[in-house]
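Peer 1:
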Amino acid sequence: MRAGISTPVSKEFIFHTDVDWMKRVPKLLGIVLGKHICFSMPAEFIPPTLFRHELEHVYQQIRDGRVRFYLNYIYYQIRYRGYDNNPYEIEAYEKQHFPLQESEEQALWSLRENSPH
Ligand SMILES: [Zn+2]
Numbered sequence: 002m003r004a005g006i007s008t009p010v011s012k013e014f015i016f017h018t019d020v021d022w023m024k025r026v027p028k029l030l031g032i033v034l035g036k037h038i039c040f041s042m043p044a045e046f047i048p049p050t051l052f053r054h055e056l057e058h059v060y061q062q063i064r065d066g067r068v069r070f071y072l073n074y075i076y077y078q079i080r081y082r083g084y085d086n087n088p089y090e091i092e093a094y095e096k097q098h099f100p101l102q103e104s105e106e107q108a109l110w111s112l113r114e115n116s117p118h
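This note's numbering puts the last residue of the sequence shown at 118; the count rises by one with no breaks.
#1: Give me, in chain order, the residues of the same chain whose beta-carbon lies closer than 6 Å to that of K96; leave out the 5 immediate sequence neighbours on both sides.
#2: Among the residues of its own chain, which have a CB less than 6 Å from the CB of T50, if the five just before and after it don't count?
#3: Per DSSP, which residues does V59 bridge with? Please list them.
#4: Of all the alpha helix (DSSP H) runs that stay within the bounds of the segment 14-80, which reach a length of 4 or more residues?
#5: Identify whether N86 lies in helix, strand or coil by the three-state DSSP scheme.
#6: How would you call Y76, buried or exposed, if buried means at least 16 neighbouring beta carbons within 10 angstroms?
#7: Buried or exposed, going by whether 16 or more other CB atoms sit within 10 Å of the CB of Q102?
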């Protein structure tokens, strides 16, 4: 699906699923780029933990500010020598196991309902 749909998570954010260019990047399953929440797989195959992980990056952006989030993220990548020790990733990996809140579950379901088969 190319066109994004907005969801109850935030009207400001747009989901994209089955993103072609991501399939060519090894191990890249999900990424948040500004207001775009992107997944490499079709909506029905997005694991809830991955969905929750990417939403956590959305919440980090909202909490810290978008520009600051990306500047911090780059700084952390250097300071903590990569992805595994980046505090934003540590937080997202911890919280990805939290149960989906109602609005998050709605977002995942509406994504699945709106995805073409
Ligand atoms: Zn992450």
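Where is the CB? At the ideal position from N, CA and C, for every residue including glycine.
Peer 2: Straight from the coordinates:
#1: Excluding positions up to five away in sequence, the list reads E57.
#2: In the same chain as T50, and ignoring 5 residues on each side of it, the C-beta atoms closer than 6 Å to its own belong to Q97, in chain order.
#3: BP columns for V59 are empty, so no partner.
#4: 21-24, 49-65, 67-80
#5: If DSSP states are grouped into helix, strand and coil, N86 belongs with the helices.
#6: exposed
#7: exposed
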